[in-house]
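Comments concern the structure below.
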Amino acid sequence: MEKKKTQVQDIDRTIYDIRDKVNASYQVEEGLTPEIVEEISAKKNDPEWMREFRLKSLEIYNRIPMPAWGPSLDGLHMEDIITYIRPNTPMRGNWAQVPDDIKNTFERLGIPKAERDSLAGVGAQYDSEVVYHNVREEVRRQGVVYTDMESAVRDPVYGPMVRDHFMKLVPPTDHKFVALHGAVWSGGSFVYVPPHVKVSIPLQSYFRLNAPGAGQFEHTLIILGEGADLHFIEGCSAPKYNVANLHAGCVELYVAKNARLRYSTIENWSKNMYNLNTKRALVEEGGTVEWVSGSFGSHVSYLYPMSILKGENSRMEFTGITFAGKGQNLDTGAKVVHAAPHTYSSINTKSISKDGGVCTYRSSVEILPQAYGCRSSVNCESLMLDDRSRSDTVPVMDIRNDDVDVGHEAKIGRISDDAIFYLMSRGISEEDARAMIVTGFAEPVAKELPVEYAVEMNNLIKLEMEGAIG
Amino acid sequence: MLLKVKDLKVSVDGSVILNGLNLDVDRGEVHVLMGPNGAGKSTLVNTIMGHPQYKVEAGEILFDGKDITHAPANERAKAGLFLSFQNPEEVPGVTLESFLRTSRMSVTGKPVRLFAFKKELAEKMKDLDMDAEYASRYLNVGFSGGEKKKSEILQMLMTRPQLAILDETDSGLDVDAVKIVSQGVEKFHSSENSLLIITHSTKILEYLNVDYVHVLMDGRIVRSGGSGLIREINANGFQQLAASV
Chain A
1 MEKKKTQVQD IDRTIYDIRD KVNASYQVEE GLTPEIVEEI SAKKNDPEWM REFRLKSLEI
61 YNRIPMPAWG PSLDGLHMED IITYIRPNTP MRGNWAQVPD DIKNTFERLG IPKAERDSLA
121 GVGAQYDSEV VYHNVREEVR RQGVVYTDME SAVRDPVYGP MVRDHFMKLV PPTDHKFVAL
181 HGAVWSGGSF VYVPPHVKVS IPLQSYFRLN APGAGQFEHT LIILGEGADL HFIEGCSAPK
241 YNVANLHAGC VELYVAKNAR LRYSTIENWS KNMYNLNTKR ALVEEGGTVE WVSGSFGSHV
301 SYLYPMSILK GENSRMEFTG ITFAGKGQNL DTGAKVVHAA PHTYSSINTK SISKDGGVCT
361 YRSSVEILPQ AYGCRSSVNC ESLMLDDRSR SDTVPVMDIR NDDVDVGHEA KIGRISDDAI
421 FYLMSRGISE EDARAMIVTG FAEPVAKELP VEYAVEMNNL IKLEMEGAIG
Chain B
1001 MLLKVKDLKV SVDGSVILNG LNLDVDRGEV HVLMGPNGAG KSTLVNTIMG HPQYKVEAGE
1061 ILFDGKDITH APANERAKAG LFLSFQNPEE VPGVTLESFL RTSRMSVTGK PVRLFAFKKE
1121 LAEKMKDLDM DAEYASRYLN VGFSGGEKKK SEILQMLMTR PQLAILDETD SGLDVDAVKI
1181 VSQGVEKFHS SENSLLIITH STKILEYLNV DYVHVLMDGR IVRSGGSGLI REINANGFQQ
1241 LAASV
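In the order they appear, the protein sequences are chains A and B.
Under my numbering, think of the first position of the first sequence as 1, with each following residue one higher.
Under my numbering, think of the first position of the second sequence as 1001, with each following residue one higher.
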């Protein structure tokens, strides 16, 4: 009998790929100069400190060379990127007031429906600015602040809080693209949850980049007071163009004593996107940060959410899945610094590569000399669906004391013919058998995702596997 | 004839394992296939089920009158064939229950009524002395040898094949488990369906009325007979039997 090969198709991106006609009220020229940064700052009506911060970040950006250790960034030309593009609407608190083209895009992505069904608040960004922000009244009454970053920067009450925290955890000196972010950031969300307030249903921000050749640089700043509890969901997508788009967002999470923050992301950028995103959490005594991260889109990704376990008994858990298809090189993982005794970290990742796609798992676990009695476990599994695909694992551990319990496990595999035969012998077609194995592989991550995203992820996998066999 | 294997010649990675094998199984019959290690018993049943690693060089396999020699495994399952594997695969992330539901749906081509299905599953698991909790566990993952075999028999009971082939289903089972599994098989068997059983021990046969026994050696069936042949093999071994052929 002839051995059969499965031809796996690309993800059906129909919903994500519908482009709106660009209808910007204003956009800067391509490229990056002090004049452009000044222009953005003036248009956004920045306070003086922010204008200076932007210009300083630009200087840092110009000093730092391009990273040379990861996937190629040769296709990214900053001189062609439009760093700021304002949609033709102010921010609204009511979907009815959002212009039809933009509203319809978010309707197709299911955002207003999710807001009605299962969210405590929603922010929706379109290109460089947030076009919609709303939070349920009962959540507002708990003292929770959930707004766009621009409003927060200028807010008389929360402005100083923003100034105290903005890019303090992720300074512009950290790497080239976070310096870029500091210079041209726009949009994003600010969340403050007062001490001992528990938000029982999630908040969600959704970032949509519509314009070709544009960059999106949203900033997310979340501050949880002592004993607070929040689940924050972030979603992103863009239609595909032939020119490079750039996403260099920045997420800073401050988790106070005994607080718990769950941060879930589903990233589904189009395959012309350079996704160079930076996320970091600072966790105080007894606090917990839980990351759930799904990376499906983009041409190139560099993404390693970092947790600094600053306080004793603080914890982090990272659960991630990365799916790289044709033309995708996704370099993802997690970082953790154990800076206090009795801290705990757990990293669990899965990656799937097919059709020439490249997945690299990269992680760093650092345990400082004073951090005795720590536990850390790292587990990464990769599945390659064909011979052309690639999967690499680059785990780094730097452990500076003896009183620790550290484990690492890595597995790279393929779908076995025997497993396919087993399922087929029970009446299941070859195509469905493959989909079943891949979905099963992803299941431990899927069950951590918000349910609508888990369903979406399984649909994406099924569509992927629906290739013609023969 | 339910299953007809005619002059079957099968190779694996270029070496010939089965060389002109004939076998007929009719409805309602229980057949036992015995033979020394490496004789080709597993090759035969995997070929009947359609494992792509086994290459049919000559001959044919007819099931219920249809030529299935080159049909994919899932089509054979739909026609009513079932194989209980010697070493069932583990499939992480897929629960036994959802797998059984998908399997039932694929085999019958009809939607499964959820409530009735759950009830039937619970009953059959109870019959096999399987903890109900196994339904929500991932398929065979972390199951002991015995639990895996029970999971195979459970799959057989839930998909109701016309011909069930049991490849050493009784090996690796303790005395109690052999009894439970055998009783399950016995309960399944009727005048409408058939069994082809590969076994080394004959414990499982105590619970079943065997119609035919076949001895497979060097890629073909060298002797066939009634259940009396089992006593002969147990008493004298395969080599002497071969010498007397």
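For every residue, glycine included, the Cβ atom is placed at its ideal position computed from N, Cα and C.
- prompt: At least one CB of chain B closer than 8 Å to the CB of residue 118 (chain A): is that the case?
  reply: As a position in the first sequence, residue 118 (chain A) is number 118, starting the count at 1. Residue 118 (chain A) does not count as touching chain B.
query: When DSSP labels each residue in this structure, what does residue 147 (chain A) get in the three-state scheme?
result: As a first step, residue 147 (chain A) must be located in the first sequence, where it is residue number 147. Note: residue 147 (chain A) maps to strand in three-state DSSP.
query: How many Å lie between residue 11 (chain A) and residue 408 (chain A) at the Cα?
result: Here residue 11 (chain A) is taken as the residue at index 11 of the first sequence, counted from 1. Here residue 408 (chain A) is taken as the residue at index 408 of the first sequence, counted from 1. Summary for residue 11 (chain A): the model assigns pLDDT 49, below 50, so the residue's position carries little reliability; its value from the coordinates is reported in the next sentence. If I take the Cα positions, the gap works out to 32 Å.
message: Is there a Cβ of chain B sitting closer than 8 Å to that of residue 322 (chain A), yes or no?
response: Stepping through the first sequence from its first residue, residue 322 (chain A) is reached at position 322. Not an interface residue.
query: At a CB-CB cut-off below 9 Å, which residues of chain A make contact with residue 1159 (chain B)?
result: Stepping through the second sequence from its first residue, residue 1159 (chain B) is reached at position 159. Result: 426 and 427.
- request: Taking C-beta pairs closer than 9 Å, name the residues in chain A that residue 1103 (chain B) reaches, listed in chain order.
  value: By one-based count along the second sequence, residue 1103 (chain B) stands at place 103. Those within 9 Å of residue 1103 (chain B) in chain A are 423, 426, 427 and 428.
message: Is there a C-beta anywhere in chain B that falls below 8 Å from the one on residue 179 (chain A)?
response: Reading the first sequence from its first residue, position 179 is the one you call residue 179 (chain A). No, its Cβ sits nowhere closer than 8 Å to a Cβ of chain B.
- prompt: Hey, out of A:128, A:441 and A:354, whose CA is closest to residue 384 (chain A)'s CA?
  reply: As a working mapping, residue 384 (chain A) is identified with position 384 in the first sequence. Ranking the options by Cα distance to residue 384 (chain A), first place goes to A:354.
task: Taking all protein chains shown into account, decide if residue 90 (chain A) is buried (16 or more other Cβ within 10 angstroms of its Cβ) or exposed.
output: On the first sequence, residue 90 (chain A) is found 90 positions in, with the first residue counted as 1. The residue is exposed, with fewer than 16 neighbouring Cβ atoms inside 10 Å.
- prompt: How many Å lie between residue 36 (chain A) and residue 83 (chain A) at the Cα?
  reply: Counting from 1 along the first sequence, the entry for residue 36 (chain A) is found at position 36. Counting from 1 along the first sequence, the entry for residue 83 (chain A) is found at position 83. Their backbone Cα atoms lie some 9 Å apart in a straight line.
task: Step through the CB atoms of chain B and report whether any lies within less than 8 Å of the CB of residue 437 (chain A).
output: Taking the first residue of the first sequence as 1, we reach residue 437 (chain A) at position 437. It does: the Cβ of residue 437 (chain A) has a partner Cβ on chain B nearer than 8 Å.
query: Of all the CB atoms in chain B, is at least one closer than 8 Å to the CB of residue 70 (chain A)?
result: Translated into the one-based positions of the first sequence, residue 70 (chain A) becomes position 70. False, the Cβ-Cβ gap to chain B never drops below 8 Å.
query: Going by C-alpha distance, which of A:202, A:258, A:141 and A:301 is nearest residue 276 (chain A)?
result: Here residue 276 (chain A) is taken as the residue at index 276 of the first sequence, counted from 1. When each option's Cα is compared against that of residue 276 (chain A), the closest is A:301.
- prompt: Mind checking residue 281 (chain A): buried by the 16 CB within 10 Å criterion, or exposed?
  reply: For the purposes of this step, residue 281 (chain A) is identified with residue 281 of the first sequence, where counting begins at 1. Its Cβ being crowded by 16 or more others within 10 Å, residue 281 (chain A) is buried.
query: Counting pairs of Cβ atoms below 8 Å between the stretch 410 to 417 of chain A and the stretch 287 to 301 of chain A, do you hit three or more?
result: In short, these stretches do not touch, since the Cβ pair count stays below three.
message: Rounding to the nearest angstrom, what Cα-Cα distance links residue 51 (chain A) and residue 294 (chain A) in this structure?
response: Mapped onto the first sequence, residue 51 (chain A) falls at position 51. Mapped onto the first sequence, residue 294 (chain A) falls at position 294. So the alpha carbons of these two residues sit roughly 34 Å apart.
- request: Starting from the C-beta of residue 80 (chain A), find all residues in its chain whose C-beta is less than 8 Å away, skip the five residues before and the five after it, and write them out in chain order.
  value: One-based indexing of the first sequence puts residue 80 (chain A) at position 80. So the list reads 30, 31, 213, 243 and 244, once near-sequence residues are dropped.
Boundaries of the alpha helix (DSSP H) in which residue 34 (chain A) is found, first to last residue: Working through the first sequence from its first residue, we reach residue 34 (chain A) at position 34. Looking at the DSSP string, the run of the alpha helix (DSSP H) that includes residue 34 (chain A) is 34 to 43.
Identity of the residue in A:248, A:211 and A:262 nearest residue 222 (chain A) by Cα: Here residue 222 (chain A) corresponds to residue number 222 of the first sequence, with the count starting at 1. That would be A:262, whose Cα lies nearest to the Cα of residue 222 (chain A).
Run of the alpha helix (DSSP H) containing residue 421 (chain A), from where it starts to where it stops: By 1-based counting over the first sequence, the position of residue 421 (chain A) is 421. Per DSSP, residue 421 (chain A) belongs to the alpha helix (DSSP H) from 417 to 424.
task: Name, in chain order, the residues that DSSP records as bridge partners for residue 27 (chain A).
output: In the first sequence, counting from the first residue as 1, residue 27 (chain A) sits at position 27. According to DSSP, residue 27 (chain A) bridges with A:85.
query: Is there contact between the stretch 325 to 339 of chain A and the stretch 1014 to 1024 of chain B, where contact requires at least three CB pairs shorter than 8 Å?
result: no
message: Using a Cβ-Cβ cutoff of 8 Å, what residues of the stretch 1118 to 1133 of chain B are near chain A? List them in chain order.
response: none
- request: Under 7 Å Cβ to Cβ from residue 1137 (chain B), same chain only, skipping five residues before and after it: list those, please.
  value: As a first step, residue 1137 (chain B) is located in the second sequence; it is residue number 137 there, counting from the start. Counting only Cβ-Cβ distances below 7 Å, and skipping sequence neighbours, we find 1095 and 1096.
Alpha-carbon to alpha-carbon, residue 199 (chain A) and residue 231 (chain A): Within the first sequence, residue 231 (chain A) is the residue found at index 231, counting from 1. Within the first sequence, residue 199 (chain A) is the residue found at index 199, counting from 1. Computed Cα separation, rounded: 8 Å.
task: Answer with buried or exposed for residue 1241 (chain B), where buried requires no fewer than 16 other C-beta atoms within 10 angstroms of its C-beta.
output: Here residue 1241 (chain B) refers to the residue found at position 241 when the second sequence is read from its first residue. By the beta-carbon neighbour count (other beta carbons within 10 angstroms, threshold 16), residue 1241 (chain B) is buried.
query: Which runs of the beta strand (DSSP E) fall wholly inside the stretch 202 to 239 of chain A and span at least 3 residues, in chain order?
result: 203 to 208, 219 to 224 and 229 to 237
message: In whole angstroms, give me the CA-to-CA distance for residue 256 (chain A) and residue 396 (chain A).
response: Residue mapping note: residue 256 (chain A) aligns to position 256 of the first sequence, counting from 1. Residue mapping note: residue 396 (chain A) aligns to position 396 of the first sequence, counting from 1. In a straight line, the C-alpha of residue 256 (chain A) is about 28 Å away from that of residue 396 (chain A).
Beta-carbon proximity list for residue 454 (chain A), same chain, < 6 Å, skipping 5 on both sides: In the first sequence, counting from the first residue as 1, residue 454 (chain A) sits at position 454. Excluding sequence neighbours, residue 454 (chain A) sits near 446.
task: Using a cut-off of 7 Å between C-beta atoms, extract the partners of residue 443 (chain A) located in chain B.
output: Position 443 of the first sequence, counting from 1, holds the residue named residue 443 (chain A). In chain order: 1093.
- prompt: If we count the other Cβ atoms within 10 Å of its Cβ and call it buried at 16 or more, is residue 273 (chain A) buried or exposed?
  reply: The residue given as residue 273 (chain A) occupies position 273 in the first sequence. Residue 273 (chain A) is buried by the Cβ-count criterion.
field: Reduced DSSP category for residue 11 (chain A) - H, G, I as helix; E, B as strand; rest coil
entry: Position 11 of the first sequence, counted from the first residue, corresponds to residue 11 (chain A). For residue 11 (chain A), the predicted structure reports a pLDDT of 49, less than 50, and the residue's modelled location is therefore unreliable. A value from the coordinates is still provided. Coil at residue 11 (chain A), not helix or strand.
First and last residue of the uninterrupted alpha helix (DSSP H) at residue 1257 (chain B): Residue 1257 (chain B) lies beyond the stretch modelled for chain B, which goes from 1001 to 1245, so this question has no answer here.
- request: Give me the Cα-Cα distance between residue 1098 (chain B) and residue 1164 (chain B), rounded to the nearest whole angstrom.
  value: Start at 1 with the first residue of the second sequence, and residue 1098 (chain B) comes out as number 98. Start at 1 with the first residue of the second sequence, and residue 1164 (chain B) comes out as number 164. Spanning the two alpha carbons is a distance of roughly 22 Å.
- prompt: Do you know how far the Cα of residue 1021 (chain B) is from the Cα of residue 1007 (chain B)?
  reply: Taking the first residue of the second sequence as 1, we reach residue 1007 (chain B) at position 7. Taking the first residue of the second sequence as 1, we reach residue 1021 (chain B) at position 21. The alpha-carbon atoms of residue 1007 (chain B) and residue 1021 (chain B) are separated by roughly 5 Å.
message: Can you give me the C-alpha to C-alpha distance between residue 433 (chain A) and residue 420 (chain A), rounded to a whole angstrom?
response: The sequence position of residue 433 (chain A) within the first sequence is 433, counting from 1. The sequence position of residue 420 (chain A) within the first sequence is 420, counting from 1. Each residue's alpha carbon lies about 6 Å from the other.
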